[in-house]
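Numbering (my numbering), first residue to last: 42 to 487. Just so you know, even glycine gets a beta-carbon here, dropped at the ideal spot from N, CA and C.
Below, the structure written as structure tokens:
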């Protein structure tokens, strides 16, 4: 009965997950229309890191000093305006100031076409509103601006102060709406994936045992280095065991214990990263995540899979992070990350990005030190588990010692209820050791 209910939940969550992910590929207006009736009222985006991308910064790019001075003098008191006289100067500003809400560019910039310049910003600054400033009123220019550069609007030279301000106001409103939509979608996606991974872990607990720990580490490291697409790093960490889950358990067991494999088994093992990549590439917006997982076993020195893959900094940043964190997890004791784990990685230090490894070391060891001051180890039975507890031990069935939930997993109310059901039906080994945050009230009582 429990297996049937779990299977239904698995199918339901997979369908929900795929429907939300596909929404990311829809045009902006379609996405919010689909989502409003289902989740808009129930999801709080105030705490989302994406909300930090809402910006009131405006950049005006024009080789004519009179134009840039007009924007600055007439609207500089009301708005945060920066100016640039060329695309090169503008690009340098955008590299240093990624969070720009509106970009106004002239059609004829020194050495480059303004529409081409705006088009080049679609990937690097997708939420920035693009406005074209031109005295060319031909239909051809308007078509190119909309079709090629996806501009929000264009201003005809000369323009009045009211027209300039209206364009900036519309641009800022558009930027805010795009950022909030994206925050809503990414938070919804993250929550759906979390449910999916928890369900998958019931079917293949051994493969997904490290996801909870890797996700937390990845979020800390991503914040420390200022990763621009943090949600992609988080998704890559959560889906990293997918290749293992696709393999038969006997092959995975033989590989981990360094036992001999047949030619057919070795072929299946070597195809796992490619299968994961091909599977995730079918999901809109997951193309980069698919590549991250494909190169996750590629060493910085050119070792590992794939044999003909990139080397050094040509390896995707998220892949280099995943390589370090995964190997750290395997090198860490059951009690958690320690200095010895990093010393173990130093044996094959050439496989890791040296600067990145130092950042990971400084970030995670400092976090472990802070945790040790406020976290206590508790040995308790299933009924005494608390939401927020982190497993020190694997939870195993009482008789066959089969893995139910892996160490490092942070417990939720839902997870604890599932463990109650497992315990009633199959029996679980107890007591279980967990790390528990020591509340202020607990300290006073003690």
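Per-residue burial, residue 146 [other beta carbons within 10 Å of its own, 16 or more giving buried]: buried
Between the CA atoms of residue 366 and residue 302 - distance to the nearest angstrom: 27 Å
Three-state secondary structure assigned by DSSP to residue 352: coil
Where residue 296 sits in the DSSP three-state scheme: helix
Nearest candidate by alpha-carbon position, reference residue 98, set 433, 219, 121, 159: 121
Span of the beta strand (DSSP E), counted from its first residue to its last, around residue 173: 170–175
Sub-7 Å separation of residue 469 and residue 436 beta-carbons: yes
Runs of alpha helix (DSSP H) lying entirely within the stretch 320–350, each at least 4 residues, in chain order: 328–335
Under the three-state DSSP convention, the category residue 478 falls into: DSSP, reduced to helix, strand and coil, places residue 478 within a strand of the structure shown.
Candidates 294, 288, 325: closest to residue 311 by CA position: 288
C-alpha gap between residue 491 and residue 293, whole angstroms: Given a span of 42 to 487 for the chain in the structure shown, any question on residue 491 remains unanswerable.
Residue from 305, 444, 427, 382 whose Cα sits closest to the Cα of residue 451: 427
Residue 424, buried or exposed, once every other Cβ within 10 Å from all chains shown has been counted against 16: exposed
Proximity below 7 Å, CB of residue 474 to CB of residue 434: yes
Collapsed DSSP secondary structure at residue 417 in the structure displayed: strand
Alpha carbon of residue 392 to alpha carbon of residue 189, nearest angstrom: 42 Å
Cutoff 6 Å; reference residue 167; Cβ partners in own chain excluding five residues on either side: none
Residue 120 (DSSP reduced to helix, strand or coil): Correct three-state label for residue 120: coil.
Segment contact, 8 Å Cβ cut-off, at least three pairs: the stretch 271–285 with the stretch 228–236: Contact between the stretch 271–285 and the stretch 228–236 is present: 3 or more CB-CB pairs across the two stretches fall below 8 Å.
Residue 80 in three-state terms, based on DSSP: In this predicted model, residue 80 has a pLDDT of only 31, less than 50, meaning its place in the structure is not dependable enough to derive any value.
Residues sharing a beta bridge with residue 154, DSSP: 149
7 Å Cβ cutoff met for residue 150 and residue 175: No, they are not a contact pair.
Residue from 96, 327, 364, 357 whose Cα sits closest to the Cα of residue 345: 364
Alpha helix (DSSP H) segment containing residue 454, residue limits: 454–466
Cα-Cα separation, residue 332 to residue 271: 16 Å
Sheet register partners of residue 276 (DSSP bridge): The bridge partners DSSP lists for residue 276 come to none.
Local Cβ density within 10 Å of residue 380, reported as buried at 16 or more and exposed below that: exposed
DSSP three-state assignment for residue 92, whether helix, strand or coil: Unreliable placement is indicated for residue 92, whose pLDDT of 41 sits below 50; the coordinate value is still reported in the next sentence. Helix at residue 92.
Helix, strand or coil at residue 473 according to DSSP, with G and I counted as helix: strand
Whole-angstrom distance between residue 368 and residue 339, CA atom to CA atom: 12 Å
Collapsed DSSP secondary structure at residue 179 in the structure displayed: Taken through DSSP and simplified to helix, strand or coil, residue 179 comes out as coil.
Complete runs of the alpha helix (DSSP H) confined to the stretch 241–269 [at least 4 residues]: 252–266
Same chain only: Cβ atoms within 7 Å of residue 296, ignoring 5 sequence neighbours per side: 302, 310
Given residue 358 as reference, the closest of 266, 408, 374 once Cα atoms are compared: 266
Rounded C-alpha distance that separates residue 259 from residue 443: Cα to Cα, the separation comes out at about 28 Å.
C-beta atoms of residue 330 and residue 273 nearer than 7 Å: yes
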